[in-house]
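Protein chains in written order, with the UniProt record's numbering: chain A, 1 to 431; chain B, 1 to 431; chain C, 1 to 431; chain D, 1 to 431.
The C-beta atom is built at its ideal place from N, Cα and C for all residues, glycine as well.
Protein chains: 4
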Amino acid sequence: MEYKDQQLTEEKVFKDPVHRYIHVRDRVIWDLIAAPEFQRLRRVKQLGTTNLTFHGAEHSRFNHSLGVYEIVRRIMMNFQDRVNWDNEDRLLCLCAALLHDLGHGPFSHSFEKVFKLDHEKFTQRIILEETTVNDILNKVSPNFAQKVADVIAKTYPDKLVVSLISSQIDADRMDYLQRDAYFTGVSYGHFDMERILRVMRPMDDQVVIKSTGMHAVEDYIMSRYQMYWQVYFHPVTRSAEVILSKIFQRAKYLYEDDSYTFKLKPTHFISFFSGGVDLQDYLKIDEMIVYYYFQLWQEENDEILADLCERFINRRLFKYVEYNPDPQINAGMELYQLFNDAGINPDYYLVVDSSSDLPYDFYRPGEEEERLPIHLLMPDGGLKELSRHSDIVESISGKKRTDHKLYFPKDRIQEIEDETLKQRIIDILYG
Amino acid sequence: MEYKDQQLTEEKVFKDPVHRYIHVRDRVIWDLIAAPEFQRLRRVKQLGTTNLTFHGAEHSRFNHSLGVYEIVRRIMMNFQDRVNWDNEDRLLCLCAALLHDLGHGPFSHSFEKVFKLDHEKFTQRIILEETTVNDILNKVSPNFAQKVADVIAKTYPDKLVVSLISSQIDADRMDYLQRDAYFTGVSYGHFDMERILRVMRPMDDQVVIKSTGMHAVEDYIMSRYQMYWQVYFHPVTRSAEVILSKIFQRAKYLYEDDSYTFKLKPTHFISFFSGGVDLQDYLKIDEMIVYYYFQLWQEENDEILADLCERFINRRLFKYVEYNPDPQINAGMELYQLFNDAGINPDYYLVVDSSSDLPYDFYRPGEEEERLPIHLLMPDGGLKELSRHSDIVESISGKKRTDHKLYFPKDRIQEIEDETLKQRIIDILYG
Amino acid sequence: MEYKDQQLTEEKVFKDPVHRYIHVRDRVIWDLIAAPEFQRLRRVKQLGTTNLTFHGAEHSRFNHSLGVYEIVRRIMMNFQDRVNWDNEDRLLCLCAALLHDLGHGPFSHSFEKVFKLDHEKFTQRIILEETTVNDILNKVSPNFAQKVADVIAKTYPDKLVVSLISSQIDADRMDYLQRDAYFTGVSYGHFDMERILRVMRPMDDQVVIKSTGMHAVEDYIMSRYQMYWQVYFHPVTRSAEVILSKIFQRAKYLYEDDSYTFKLKPTHFISFFSGGVDLQDYLKIDEMIVYYYFQLWQEENDEILADLCERFINRRLFKYVEYNPDPQINAGMELYQLFNDAGINPDYYLVVDSSSDLPYDFYRPGEEEERLPIHLLMPDGGLKELSRHSDIVESISGKKRTDHKLYFPKDRIQEIEDETLKQRIIDILYG
Amino acid sequence: MEYKDQQLTEEKVFKDPVHRYIHVRDRVIWDLIAAPEFQRLRRVKQLGTTNLTFHGAEHSRFNHSLGVYEIVRRIMMNFQDRVNWDNEDRLLCLCAALLHDLGHGPFSHSFEKVFKLDHEKFTQRIILEETTVNDILNKVSPNFAQKVADVIAKTYPDKLVVSLISSQIDADRMDYLQRDAYFTGVSYGHFDMERILRVMRPMDDQVVIKSTGMHAVEDYIMSRYQMYWQVYFHPVTRSAEVILSKIFQRAKYLYEDDSYTFKLKPTHFISFFSGGVDLQDYLKIDEMIVYYYFQLWQEENDEILADLCERFINRRLFKYVEYNPDPQINAGMELYQLFNDAGINPDYYLVVDSSSDLPYDFYRPGEEEERLPIHLLMPDGGLKELSRHSDIVESISGKKRTDHKLYFPKDRIQEIEDETLKQRIIDILYG
């Protein structure tokens, strides 16, 4: 029997707290899960530094990837009488779901920003270059790896397939909202996925929702909104992210400074510092490795690097105040100067962080992140864009909400000896 | 106000998936949680290698320690009208609960076995020697650190206090059963803790249970039984543990072998290899560090060490068969020889692992792990040992169940070229 | 000891699926629960005919009343350090919570509409006239019954007390949303009540919410919105309500028609038909009694009454179409005539039902149901009305949504023999 | 298309709190659910008087019947590749599951005992005699109704079909344990049904369980054990049952007493009193009707009937003490006499109630309730009886536990004026 049609002699299951069980029948899927590049996702947390705010949030991207696979598997079962897909099409959806986050590095957000990387490019490379994952996909059919990569890159011609894992109501989002809610323990993030799966209908180039299921979708949109502001953009988590970014930035700076010598050569980071990251370097770095360096760097001679690492490891985070960039720009400039005067390097210790989310959007071609809007399938067979039918969604549709905060080490300010300087800083911050 | 009586201006809460919220009012507790030695528990998983079997089980000992604290806090609230404890007594219970696992190292079980360490001794040392935790406890009262250490060591004179965190139905067990069930996602591990807390009554030297709550306790005992055999002793988890032990054993062996030079000097491990572990060495090692070395050791020259590390990192675990030591001893000896013949070092690749659990025990003085039995408080005011009143508990009481398995790399056996040898091995293993 | 200060020797608990346990310590509360007028609430369903749509929704008003009591009890525990209430004040809140729904009759909505009754008036009467409940309240203090009645009637001077059980975020709503979600099994209706209770703060004349808890309140408002449209206004439930009203209306009509004689004299209904309901009549009727009559009336000589009762008992409900009163008024008038022509009495078999809900409202004095808006307590100590701070709430605030449906027996239409007439009716209905 | 093969144009679902959704595709099932005899089950509580102990337990047999149907539906989906059943076989299983409790009358237990009825006989009659249900089943095939009746009566030749709804681990038990736990709110009753369904395997004449699923089955057996003693045999529930039986007994006695005339003729009960119950009489009585009579009978002239009814309606139940029939027989006889002396009719006011449960049984042919034991399917393909493989099950296997309690109205005893008599009674009861 061809590799792509091989079934396990007995269905395998993974016990999963969110979906109860994750079911695997296809040998291809089983082999992909066992591949080292996929196992590596166990060492990358789904929510980066969120566990410093919500101590339950230790779950890995391995978790989430299995979850997205399982949701797509269930959608496909519901679709089987409604679409004309052969076994390779089916596998394509499942593999794309399973592998969509394969290129995530440690603490993706900060890591990518400082080193100017893009995890989506690495997902492509892991799928297409010389890896165990690529070997497995090649055994399915000659251009199968490319197809999987195209689906993940959203360039695959069949947009229905693409929409399963990237639209405004895709398997990716449905998994992470529920999973992140479960592990953090918050009461948001719950919606009736079983109902949504039942009302999903495949159309030419997208998945649409039967209008009878609109309220479950409203609930999903609201869950997403709440999770963004309550969990993902939690100010304490962002404080840890700020420190993380500053550690990477400082380490890179020191590496580029010929006069500085690391006590321990930062072998794993060198290609990231110098900009020539090859795939093997990338696959070798994970959050365990990063933590190792941070622990060692606590003892580096550079005070800033050592201090930031010690803060991150021991969770001595920055405090924050609300910050409104426009009116407060002068205050910001003065603070920068005052920090300098106080000997607290403002490039590392005075940081504005902005978060913004667009909870749901109707279609505006040409804009960044132009995800298709959600369409309802009306009883008369027509389609209607969600926000035109739902008051709640209409009310938050297209409205980008942005939040700015100014982060700084309050302890350092309290230690300033010049009382006038100290008081002036405090007045600006808490005025 | 004295340090021990200081309250936070506003109660702080941690969102916890198991207990919903963990409440902190005392400054002492708040400071202890922020101490580096306590934060370190974030980098030690509660269940070691179990996440390789149950992918949700990524939760840390930090999680669990907060949970035990919270349960004791709730018990104390229920007890406040029934015991005559002053504020220091109350803090003593809370601190002992919070800190009881402070000395756990990475992958405790295997780590301690190979390096002949005892995490309980390190818990004592962290509390009593020069640490941030010790500084905080000293501020409560001069001998407070010693008291906390004594409660955890079970040598504290007030046995009622001791029994809160170590008896057959203590806060420690109640937390981990529920927490491990939650994160693994298994359906065992649930029992009505709220009811148990309501029927707990403080007696002279122990906590007893009002007999009306007996069924909730039965449920707890059964949960424990199921969790042991379904989760804690899961054969796949034990396979990972076996490999872990063998990695530590091999690394130590190579370190002691003067002819071998590590590519990377195993700095963090040296004191463990040589046996002179001081507290600072111990506090520096955590699971992040261990993973870092395992990843590097995949590229060591020693084939055994490199292979075992690669297996652990990529989850290419050993397979197993049931093994009954007594009748099968000869088969075992023959296998050992056959593995040698096949060039598969049996000291590392043929491992018997035994697990055993005593689900509940009545009191047998002088025996190992002599925990007090659970006593029911009868309507007439008398006490009755649980197994005398409950059929179910009686049926499993004092019965130690042991399970032996033989672990080996099936892939290596399949690669043996000498067909006769290979067949003989397979016959013995699966015959 | 005075009656009002008497505590039960041992706290009593009721196992409750929503709040886990309901705790009773006060003798007054224990006695009120045992009173026949309170036990009667076991025979009145919380959601009337909703169980014909959601089969789990069989829960009684007894359930809900205990739940509201429990929530108020927990709020009071949180408030105890923040308000200066004596024991009688505390009991006043608990009693008002427990008894607030005491006057509900069977299938309140339809029953009250047809017979022009007001359950709130009966709540007052049960508390103030000669009942066991009144006897108990009188033992607390001479004017205690009146105080309880005033709190429920919202005329009590201390508005803080009133707001606990009737505001836009009161114990009543918090209980029924969660309880109705639990018993119907829908996934809406969940919000983090524990968090809301923690951020409630007593102010002079209302309970306000610390602004840090705003998102939990948003979730609550959304839950309410979803429960209204998904559960409370479910079109199938409303179909059963329509039939119910028509049964009451027809029975009253027949009673007033001297030429008609009931096979069984409708003893329990006579005072309702004739308008002179005294308290004893009212207390004797419950849903068991109503069902008894409906079953008997299936065999009445009057075809309409018998048919409507048979439909209700056997759940052969009316079908419905959307109906927009303004543009469709002519269609409505024609339908009325056509039904008459077809021999289907439109007064009973062609019914417009309208539902409308105002999910949240800022304060507009003088309007019906003028509940206080929800106020947030800002970090600076000021108050801010919720919809000014929350985008989501702002978006649905003050917007009344109304839904009109036209109900009719589809089976009867299908049986019309005159094909032209039948087709014309179908065209108008489904056009 | 033949009736039996007709599918609904769109799958219908019922929202169910326990199984989330109940799915219906077959027209036959849809029609059966709409039949008046099935709708009648809405008016019979699943747990009789248990709601007087656990106020959430208001759920109906309609609920449970849908649940059993849903479980069998899921089992059949898992079995479809493993058994050779045609569509009629499939429908047979589903119909038998749905209808298995069709003959339950109001408060079955007491009702049947007093009137010497057997609900199983009425289930047979409703299926086989002139009813809507029978009409529907006849349309499937000529002998289909008989087949359904045979499956429910356990006389159907294919024992595999029978075992789905009556064995020691059948759909009936799996539904009621979970459902009763859900509605009472107790923490027992939970087990991993999804896992059990996955490890069920059809064999020649029974469903067996793959041995890898043994622990889930242990959990199920323990849940059953706990539910029996914590919920089903709760002494307060039994107190209500005792009163219920005595009401029926007294009413029958009065009916047979020619000198007594009921104020209201007990029309619905007459055939039950006189022993000639026909099917139409039986179908007309439900718990609503019974409650109607109890409320009226509170005003009967017979003091015993009026008192017992008032107690039941207002939940003024009997108290109880433990009672051991053998040693206490003399005490019992003395009490009987003393009650007589005190003017408290012991035939109605002094009642021994015994409950006993056999949590699991291996096979003992010829004994009452001889349900097949549970067999495990071992890895070698052999079968092994559960209790031989599971320590826990072995420990409770075949052990019948019986509990006797003596019920009486404590209030009446306290009102006895003869102090010596009163004290003697109290001494015997509480001595």
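Helix, strand or coil at SER355 of chain B according to DSSP, with G and I counted as helix = Indexing the second sequence from 1 puts residue 355 of chain B at position 355. It is a strand residue.
query = With a Cβ-Cβ cutoff of 8 Å, do residue 434 of chain D and LEU99 of chain D count as a contact?
reply = This structure cannot speak to residue 434 of chain D, because chain D is shown only from 1 to 431.
query = Where does the unbroken alpha helix (DSSP H) through THR184 of chain B begin, and where does it stop?
reply = Here residue 184 of chain B refers to the residue found at position 184 of the second sequence. First-last of the alpha helix (DSSP H) with THR184 of chain B: 171-184.
request  = Kindly indicate the opening and closing residues of the alpha helix (DSSP H) around HIS215 of chain A.
outcome  = Position 215 of the first sequence, counted from the start, is the residue given in the question as residue 215 of chain A. Run containing HIS215 of chain A: 214-227, per the alpha helix (DSSP H) assignment.
key: Sequence ranges, beta strand (DSSP E) only - wholly within the stretch 7-53 of chain B, length at least 3   = Runs found: 7-16 and 20-26.
inquiry  = I'd like the span of the beta strand (DSSP E) that includes LEU377 of chain C, first residue to last.
reply    = For this step, residue 377 of chain C is matched to residue 377 along the third sequence. Its beta strand (DSSP E) spans residues 375-377.
request  = Answer with buried or exposed for LEU317 of chain C, where buried requires no fewer than 16 other C-beta atoms within 10 angstroms of its C-beta.
outcome  = Working through the third sequence from its first residue, we reach residue 317 of chain C at position 317. The residue in question, LEU317 of chain C, is buried, as its Cβ has 16 or more Cβ neighbours within 10 Å.
query = Quick one: what does DSSP say MET1 of chain A is sitting in, helix, strand or coil?
reply = Residue mapping note: residue 1 of chain A aligns to position 1 of the first sequence, counting from 1. It is coil, neither helix nor strand.
Members of the stretch 180-196 of chain B near chain C, C-beta cut-off 7 Å = Here the close residues are GLU194.
message = Taking the straight line between their C-alpha atoms, what separation do you get for LEU164 of chain B and LYS384 of chain B?
response = Taking the second sequence and counting its residues from 1, one reaches residue 164 of chain B at position 164. Taking the second sequence and counting its residues from 1, one reaches residue 384 of chain B at position 384. Rounded to the nearest whole angstrom, the CA to CA distance from LEU164 of chain B to LYS384 of chain B is 19 Å.
query = Helix, strand or coil: which one does DSSP assign to ASP347 of chain A?
reply = Position 347 of the first sequence, counted from the first residue, corresponds to residue 347 of chain A. Of the three classes helix, strand and coil, the one that applies to ASP347 of chain A here is helix, per DSSP.
message = Please classify ILE270 of chain A as buried or exposed, where buried requires at least 16 other C-beta atoms within 10 Å of its C-beta.
response = Reading the first sequence from its first residue, position 270 is the one you call residue 270 of chain A. Here ILE270 of chain A is exposed: its Cβ has fewer than 16 other Cβ atoms, across all protein chains shown, within 10 Å.
inquiry  = Comparing C-alpha positions only, which one of B:GLY56, B:ARG42, B:ILE285 and B:LEU283 sits nearest to LEU52 of chain A?
reply    = Residue numbering aside, residue 52 of chain A sits at position 52 when the first sequence is read from its first letter. When only C-alpha atoms are compared, the closest one is B:ARG42.
inquiry  = Check whether chain C comes within 8 Å of MET174 of chain A, counting only Cβ atoms and requiring the distance to be less than that.
reply    = Indexing the first sequence from 1 puts residue 174 of chain A at position 174. Not closer than 8 Å to any Cβ of chain C, the Cβ of MET174 of chain A fails to qualify, so no.
ask   = If you count every other CB in all the chains shown that lies within 10 Å of the CB of residue 433 of chain B, and 16 or more means buried, which is it?
value = A question about residue 433 of chain B goes unanswered here, because the residues of chain B that appear run from 1 up to 431.
Beta-carbon proximity list for TYR225 of chain D, same chain, < 6 Å, skipping 5 on both sides = Here residue 225 of chain D is taken as the residue at index 225 of the fourth sequence, counted from 1. So the list reads PRO359, once near-sequence residues are dropped.
key: Element boundaries [beta strand (DSSP E), containing GLU322 of chain C]   = If you number the third sequence from 1, residue 322 of chain C lands on position 322. Note, GLU322 of chain C: beta strand (DSSP E), 319-322.
key: Among A:THR184, A:ASP118 and A:ASP286, nearest to ALA57 of chain A - alpha-carbon criterion   = The count along the first sequence starts at 1 and reaches residue 57 of chain A at position 57. Between ALA57 of chain A and the set A:THR184, A:ASP118 and A:ASP286, the nearest pair of CA atoms involves A:THR184.
ask   = What residue from C:ARG371, C:ASN87, C:ALA153 and C:THR237 has the CA that sits closest to ARG125 of chain C's CA?
value = For the purposes of this step, residue 125 of chain C is identified with residue 125 of the third sequence, where counting begins at 1. Measuring from the Cα of ARG125 of chain C, the nearest candidate turns out to be C:ALA153.
ask   = Smallest Cα separation from ARG424 of chain C: which of C:VAL186, C:THR402 and C:TYR336?
value = For the purposes of this step, residue 424 of chain C is taken as the residue at position 424 of the third sequence. In terms of CA proximity to ARG424 of chain C, C:TYR336 leads the group C:VAL186, C:THR402 and C:TYR336.
ask   = Between LYS400 of chain C and chain A, is there a C-beta pair that is closer than 8 Å?
value = Translated into the one-based positions of the third sequence, residue 400 of chain C becomes position 400. Judged by the 8 Å Cβ criterion, LYS400 of chain C is not in contact with chain A.
message = Below 8 Å, how does it come out for the stretch 390-401 of chain C and the stretch 316-330 of chain C: are there three or more Cβ pairs, yes or no?
response = Contact check between the stretch 390-401 of chain C and the stretch 316-330 of chain C: fewer than three CB pairs, one atom from each, fall below 8 Å, which does not count as touching.
task = Please name the residue in A:LEU264, A:TYR156, A:TYR220 and A:GLU300 whose C-alpha comes closest to that of ILE196 of chain A.
result = Locating residue 196 of chain A in the first sequence gives position 196, counting from the first residue. It is A:TYR220 whose Cα lies nearest to the Cα of ILE196 of chain A.
inquiry  = Just checking: is the beta-carbon of GLN168 of chain D within a distance shorter than 8 Å of some beta-carbon in chain B?
reply    = Position 168 of the fourth sequence, counted from the first residue, corresponds to residue 168 of chain D. No, because no Cβ of chain B sits closer than 8 Å to the Cβ of GLN168 of chain D.
task = Pull up the distance between the alpha-carbon of ASP257 of chain A and that of PHE272 of chain A, whole angstroms please.
result = Within the first sequence, the letter at position 257 stands for residue 257 of chain A. Within the first sequence, the letter at position 272 stands for residue 272 of chain A. Whole-angstrom Cα-Cα distance: 15 Å.
request  = Specify, as a first and last residue, the run of the beta strand (DSSP E) that GLU385 of chain D falls within.
outcome  = Position 385 of the fourth sequence, counted from the start, is the residue given in the question as residue 385 of chain D. Unbroken beta strand (DSSP E) run through GLU385 of chain D: 383-385.
message = On the CB-based measure, 16 or more other CB atoms within 10 Å of its CB, does THR49 of chain A come out buried or exposed?
response = The residue labelled residue 49 of chain A in the question sits at position 49 within the first sequence. Buried, by the Cβ-count rule.
ask   = Helix, strand or coil: which one does DSSP assign to MET203 of chain C?
value = Taking the third sequence and counting its residues from 1, one reaches residue 203 of chain C at position 203. It is coil, neither helix nor strand.
inquiry  = So, for PHE294 of chain D: in the same chain, excluding its five sequence neighbours on each side, which residues have a beta-carbon less than 8 Å away from its beta-carbon?
reply    = As a position in the fourth sequence, residue 294 of chain D is number 294, starting the count at 1. These residues qualify, in order along the chain: ILE247, CYS309, PHE312 and ILE313.
key: Terminal residues of the alpha helix (DSSP H) in which LEU305 of chain B lies   = For the purposes of this step, residue 305 of chain B is identified with residue 305 of the second sequence, where counting begins at 1. Taken as a continuous stretch (DSSP letters only), the alpha helix (DSSP H) holding LEU305 of chain B covers 303-314.
message = Please determine whether the Cβ atom of TYR69 of chain C lies at a distance below 7 Å from any heavy atom of the ligand NAP.
response = What this structure holds is no ligand at all, so the ligand NAP is not there to describe.
message = Just verifying my parser: in three-state terms, what is the DSSP assignment at LYS113 of chain D?
response = For the purposes of this step, residue 113 of chain D is taken as the residue at position 113 of the fourth sequence. DSSP places LYS113 of chain D in helix when its eight states are reduced to three.
ask   = Given 8 Å as the limit, is there contact between the stretch 139-152 of chain C and the stretch 7-23 of chain C, that is, 3 or more CB pairs closer than that?
value = Contact fails: fewer than three Cβ-Cβ distances are below 8 Å.
key: Straight-line gap, ASP81 of chain A to ILE209 of chain A (C-alpha atoms, nearest Å)   = Here residue 81 of chain A refers to the residue found at position 81 when the first sequence is read from its first residue. Here residue 209 of chain A refers to the residue found at position 209 when the first sequence is read from its first residue. Distance between the alpha carbons of ASP81 of chain A and ILE209 of chain A: 17 Å.
key: Straight-line gap, VAL321 of chain D to ASP341 of chain D (C-alpha atoms, nearest Å)   = Translated into positions along the fourth sequence, residue 321 of chain D becomes position 321. Translated into positions along the fourth sequence, residue 341 of chain D becomes position 341. So the alpha carbons of these two residues sit roughly 21 Å apart.
request  = Output the boundary residues of the alpha helix (DSSP H) element that contains LYS400 of chain A.
outcome  = By one-based count along the first sequence, residue 400 of chain A stands at place 400. Counting along the chain, no alpha helix (DSSP H) covers LYS400 of chain A, and no H or E run does either.
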